[in-house]
Amino acid sequence: RITERDLIVFFPCCGNGYCRDCHQANMSQEGDDMMTSCPLCRADFPTDAEANNSMIRHSAENGRSWAQITVGTWYWNGSDGCPVDKREALKWVELAAEQHHPRALGMLAGMYKDGVYGIVTQSESRAMSLRKEAADLGNSRAQAELAHMYQYRNSGEEDQQKAALYMTLAGATQGGQASCHLGESFYYGLAGFNKSLYRAKHYFEEAAGNNDDAAYYLLAMTLLELNAIEYKGVKSVPGHCCIPKVLFWARKALASEQYKARAIQLIEQVLSTRKQFCANCKRNAECLSEKMKQCVRCKAAWYCGRECQVKHWKDGHKTECIKQK
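Counting in my numbering, the final residue of the sequence shown is number 1563, and the numbers go up one at a time with none missing.
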């Protein structure tokens, strides 16, 4: 069952569409990156953007909701040959919303939430109603936004339960930012979720895999805290050392404006300890006549000599070493 219309590929010629997975399968079978004709009505696709946009507008005028939200977005952003015209944008978005188009409902909710001067009067209740309808129709962005609205309104246990429900739904389909929010909920015990570092780790890893930079630092901290629980704070168990991954994600977090300062502090704190002893024999760096050698791959372990480095690699460092980018 397709719960979100953005998962459907629509064609401007006939105005119909089919699921994105089927579209990608057809593309693969044809062995061509570009289709030249519609797989539904067999009409040739327009060869230029102007003709394509003209067909989309025609579909919008004929009542196709996907085309109406597309034209509304053009006027809202001032793109695809349309001037910025908020009133015209509202007209097309409302037409699509009347047909319960999830993305149109979400966009209209945003207009009511912030208000549009002289066009839309701000209304939190109207925004909530529209966003809930979009969320219940499967729009993952509306689900994530609605979860936050319930979470921060915090009018009682019922609101927290709703926040948990919509955040879980968003995380299941949207990934990325929604997964990061789910991770935070489990990490801090928010939105009706019981604190669980294991579940927080799962969602932070999912978000980090989708390049959500807000998850990088939180994942690094979660790994450290889990290490404290599983290994009583011992960070040098061969094959199970969390430090290479902690430093990997903390270094990636340097690109995050929100977490950069804390990432720098974490990296300095970890490195100041790791540089003091050999990762294999644990000899103190101050007792050595020569400078210790750093693992050039993960940059998270130091050795008094090659023998210790080779032994540590065989004992388990090869499974935990993660290349720094």
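For every residue, glycine included, the Cβ atom is placed at its ideal position computed from N, Cα and C.
Quick caveat, the model's predicted, so the values are computed rather than measured.
Within the model, the alpha-carbon separation for ALA1281 versus ARG1379 is close to 34 Å.
Annotation: the continuous alpha helix (DSSP H) that includes TYR1454 extends over 1452-1468. Counting along the chain, GLY1255 sits inside the beta strand (DSSP E) bounded by residues 1255-1257.
The segment 1495-1504 makes no contact with the segment 1440-1449; the number of CB pairs closer than 8 Å stays below 3. Per DSSP, the unbroken alpha helix (DSSP H) holding PHE1486 starts and ends at 1481-1490. If you ignore the 5 residues before and after TYR1313, its C-beta comes within less than 6 Å of the C-beta of CYS1320, ASP1323, GLU1326, ALA1327, all in its own chain and listed in chain order. Going by C-alpha positions, HIS1440 is about 18 Å away from LEU1485. In the three-state scheme derived from DSSP, where H, G and I count as helix and E and B as strand, PHE1431 is classed as coil. The beta carbons of LEU1333 and LEU1368 sit no closer together than 7 Å.
Per DSSP, the beta-bridge partners of TRP1540 are GLN1532. Put simply, the segment 1428-1438 does not touch the segment 1469-1483. Fewer than three CB pairs are less than 8 Å apart. Under DSSP, PHE1515 forms a beta bridge with ASN1522.
For ILE1307, the enclosing alpha helix (DSSP H) starts and ends at 1303-1315.
CYS1251 is positioned such that its CB atom lies closer than 7 Å to that of CYS1279. Remark: fewer than three beta-carbon pairs, one from each stretch, lie closer than 8 Å, so the segment 1449-1460 and the segment 1519-1534 are not flagged as touching.
GLN1514 counts as exposed, since fewer than 16 other beta carbons sit within 10 angstroms of its beta carbon.
Between CYS1559 and CYS1536, the C-beta gap is smaller than 7 Å, which places the two residues in contact.
Taking every protein chain shown into account, the CB of CYS1418 has 16 or more other CB atoms within 10 angstroms, so this residue is buried.
DSSP places VAL1247 inside the beta strand (DSSP E), whose first and last residues are 1246-1248. Note that the C-beta distance between ALA1438 and THR1406 is not below 7 Å.
Under the 10 Å beta carbon count, ARG1512 is surrounded by 16 or more other beta carbons and is classified as buried. Taking a 10 Å sphere around the C-beta of SER1303, we find 16 or more other C-beta atoms and assign the residue as buried. Its chain contains ASP1397, GLN1398, LYS1400, ALA1401, TYR1404, ALA1429 as the residues whose beta carbon lies nearer than 8 Å to that of TYR1388, once the 5 sequence neighbours on both sides are disregarded; these appear in chain order. Secondary structure at SER1423: helix, using DSSP grouped into helix, strand and coil. A distance below 7 Å between beta-carbons, with the five flanking residues on each side excluded, links GLN1562 to the following residues of its chain, in chain order: PHE1486, ARG1489, CYS1536, LYS1537. In the three-state DSSP reduction, ASP1318 falls in the coil class, being neither helix nor strand. With respect to the C-alpha of HIS1555, the residue from CYS1480, SER1494, LEU1509, ALA1523 having the closest C-alpha is CYS1480.
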